[in-house]
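Numbering (my numbering), first residue to last: 1 to 318. We treat Cβ as the ideally placed atom computed from N, Cα and C, and that holds for glycine. Some notes on the structure that comes next.
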Amino acid sequence: MHQASAATTATGRRRLRFVVAPIVLAVLATALTACGDTTDHADTVVPTDPTPSTAPPTPTTSHPATPSSSPSPSPSPSLKTSTGSPSPSGSPGGTRGPGVSTGGGTGGSGDRSTPRPNTPSTPTTPTPTTPAAPKPPTSNTVSTALLTTRQLPSGYVKTVLQNDPPTRSDHPGCLGTLNALESYGSTRPGAVEGRVTFAQSQSGPFLQEVMRWLPGTGARQDLDQAAAVLSGCGEFTIGWSDGMTGTERVVAHGSAGVGDASWHATVTTVTGTFTVQETLVLVVVGKTLIVLSEAGSPAAPARSRTVSLAHSAAARTP
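Below, the structure written as structure tokens:
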């Protein structure tokens, strides 16, 4: 996680992606003042998402029946003269228009125009309506789904770490991917996000969970893209806006066997003589992406422990 705590000492500031150097305790001591908070809900929630509009039903279209032909106002030249028997009054049978009889006889054998039936309308099959998309969770729902101290190893308390990620690198794609996962909110429209951080002591270990609900296939897309980029990073340089420099190294471990899809890696940050190592686990459950980071100095806690915490986080996904 690109979290760091800043402090001024005789030797200058030590600012790292996830944790603060053990030798600079002043600011973390201040941060840990909040550790006694009895509330285990997320301390930071990215602004709420606009609820995606649901697709309106597609109206069905029916076809009107074809009207039957109506008689012409005047007799057509093609009208035929009846040759039927005379009527009882002695007058011959009259002319007939289409579908209209003018003769008075009942036993005539002349031509008759047969009325044309109405053309039936073609039955229409209703167009299936698009089912309404499920509503996204609220910010509060995401926040309450985050890990609490009840799910963490003994000694972890909730705290707030200063967010101060590196700003430059000779591999900007690698740095940008880590920053997007751990330090910044999602730029996807409709995203709903929450995050929380914990510490066991002033010098670590430290843990951060970021939970993001993303519309469509956004969660899986973000995981796949991050895994593809970070798997090819190796070691690269990093730097901060104040001139601080260091290196980061990413060692990919592939799937963590959590949720619908997962990926994890070890990320090691070195600046001067100070080393911080973290286990980074990405998990997708449905439309939710979980970014879990656990770090320590000089080494991270056992990778199996962090993966176990990722299972706990996945089980709480709304």
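Query	Result
Separation of Gly286 from Thr269, as counted between CA atoms	32 angstroms
N- and C-terminal bounds of the beta strand (DSSP E) containing Val268	One point to set straight first is that residue 268 is Thr, not Val, in the sequence displayed. Run containing Thr268: 261-271, per the beta strand (DSSP E) assignment.
Three-way DSSP call (helix, strand, coil) for Gly218 in this model	helix
Leu309 vs Asp222 beta-carbon contact at 7 angstroms	no
Gly185 versus Ala226 - alpha carbon distance	15 angstroms
Nearest candidate by alpha-carbon position, reference Ala265, set Thr275, Val251, Met244, Thr273	Val251
Inter-residue spacing [alpha-carbon to alpha-carbon] between Leu207 and Arg303	13 angstroms
contact_flag[the segment 231-238, the segment 195-207] where n(CB pairs < 8 angstroms) is 3 or more	no
Cβ separation of Leu147 and Ala261, assumed to be a contact under 8 angstroms, to the nearest whole Å	No, Leu147 and Ala261 are not in contact; Cβ-Cβ is about 20 angstroms, not under 8 angstroms.
Proximal residues to Arg188 (C-beta, below 6 angstroms), its chain only, five neighbours per side dropped	Leu214, Gly218
Backbone CA spacing between Thr48 and Thr124 [nearest angstrom]	Any reading at Thr48 must be qualified, since the residue scores a pLDDT of 38, below 50, and its modelled position is unreliable; no value is offered.
Phe274 versus Gly246, Asp164, Val291, Arg220, residue with shortest Cα-Cα distance	Gly246
Beta-carbon contacts of Leu178 that lie in its chain and below 6 angstroms, excluding the five residues immediately before and after	none
Other residues of its chain near Gly155: CB distance less than 6 angstroms, five sequence neighbours each side excluded	Gln200
Whether Val384 touches Ala256 by CB criterion (7 angstroms)	In the structure as shown, the chain begins at 1 and stops at 318. Residue 384 is therefore absent and cannot be evaluated.
Alpha-carbon spacing of Met244 relative to Ser231, whole angstroms	25 angstroms
Beta-carbon proximity check, Ala295 vs Val276, cutoff 7 angstroms	yes
Sheet register partners of Arg168 (DSSP bridge)	Gly239
Lys135, buried or exposed, once every other Cβ within 10 Å from all chains shown has been counted against 16	exposed
Nearest-angstrom beta carbon gap, Ser183 and Asn163 [assumed within contact, 8 angstroms]	6 angstroms
Residue of Gly216, Glu248, Pro128 minimising C-alpha distance to Gly272	Glu248
Leu161 versus Leu152, Ala132, Glu209, His171, residue with shortest Cα-Cα distance	Glu209
Residue interval of the alpha helix (DSSP H) (run including Arg303)	303-315
Range of the contiguous alpha helix (DSSP H) that encloses Thr149	Here Thr149 belongs to no alpha helix (DSSP H), and DSSP marks it neither H nor E.
CA nearest to the CA of His253, picked from Leu175, Gly259, Thr279	Thr279
Proximal residues to Leu152 (C-beta, below 8 angstroms), its chain only, five neighbours per side dropped	Phe198, Leu207, Leu309
Selected residue, minimal CA-CA separation from Ser143, among Leu181, Gly194, His171	Gly194
Cα-Cα separation between Pro172 and Asp224, rounded to whole angstroms	18 angstroms
DSSP state of Ser139 mapped onto helix, strand, coil	helix
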